[in-house]
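The structure under discussion appears below in the form of structure tokens.
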Amino acid sequence: MRAAKYLQQGRLLAHPTSTVAGIAANPQSHIAIQRLRTFKQRQAPFLLLAASKKVVFQQCRYITRPLRAMLRQYLETSVTLILPTKAKLPSACQKKGRTAIRLDANHETRRLAQQCDGLLLSSSLNRRGKSILNLHPATRMRLSRHIACMLQQDEPHTSQQASKIYALSKHGIQQLR
3 MRAAKYLQQG RLLAHPTSTV AGIAANPQSH IAIQRLRTFK QRQAPFLLLA ASKKVVFQQC
63 RYITRPLRAM LRQYLETSVT LILPTKAKLP SACQKKGRTA IRLDANHETR RLAQQCDGLL
123 LSSSLNRRGK SILNLHPATR MRLSRHIACM LQQDEPHTSQ QASKIYALSK HGIQQLR
């Protein structure tokens, strides 16, 4: 897949998700992280999109029985989970030992994450304070300085709304958005 090759080279790409159009980077590439920060005009941590449930569980620092049940309940619903992480992730992927992660319902996005060692660093396709852009050829032309490739929406079902966000801890769950 050509798109995965671009990500492995530290380049950015626009891609579909089950919620809104996103911009993705390789979370292991410092060049890609800097490019994503420049595009988004912010330094804060970004979302990780996981290729599978197994990858999500591998990121967890601890998994209590109630936490495992909550993960199973929310993983298949395309919600973003903020959870304690054990992985040694760059600051673009976590803050204070916690990471935002989602198992996206879009199969193309999951396949792309699988080809990039299971994780994609992602954010909505917009600049600070601007509207989220659509995956349209005109968008590709407008952002050609920033993105190497744009995947088209193959699956017709996107909500066009940002995902709900839940923070999970050993003490329970809290909805943030």
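Its first residue numbered 3, the sequence shown is counted upward by one per residue in our numbering. Here a beta-carbon is modelled for each residue, glycine too, at the ideal position from N, C-alpha and C. Keep in mind that this is a model prediction, so the values were computed, not measured.
For residue j and residue i, the rounded distance between their alpha carbons
| i | j | result |
| --- | --- | --- |
| Y168 | G174 | 10 angstroms |
| H32 | G12 | 8 angstroms |
| L50 | S124 | 6 angstroms |
| Q177 | V81 | 10 angstroms |
| S133 | L127 | 8 angstroms |
| G24 | D106 | 11 angstroms |
| I149 | T87 | 29 angstroms |
Contact set for residue i: own chain, Cβ-Cβ below 8 angstroms, skip 5 residues either direction
| i | result |
| --- | --- |
| C151 | R4, A5, Y8, R13, L15, A16 |
| Q116 | A53, S54 |
Per-residue burial, residue i [other beta carbons within 10 Å of its own, 16 or more giving buried]
| i | result |
| --- | --- |
| T111 | buried |
| A164 | exposed |
| T40 | exposed |
| A140 | exposed |
| A34 | buried |
Residue i and residue j closer than 9 angstroms at C-beta
| i | j | result |
| --- | --- | --- |
| P47 | C118 | no |
| L69 | L145 | no |
| R63 | L77 | no |
| N108 | S20 | yes |
| V58 | L83 | yes |
| Q61 | T101 | yes |
| K42 | R129 | yes |
First and last residue of the uninterrupted beta strand (DSSP E) at residue i
| i | result |
| --- | --- |
| H138 | Neither: H138 is in no beta strand (DSSP E) and is coded neither H nor E. |
Residue range of the unbroken alpha helix (DSSP H) whose run includes residue i
| i | result |
| --- | --- |
| L127 | Taken as a continuous stretch (DSSP letters only), L127 belongs to no alpha helix (DSSP H), as it is neither H nor E. |
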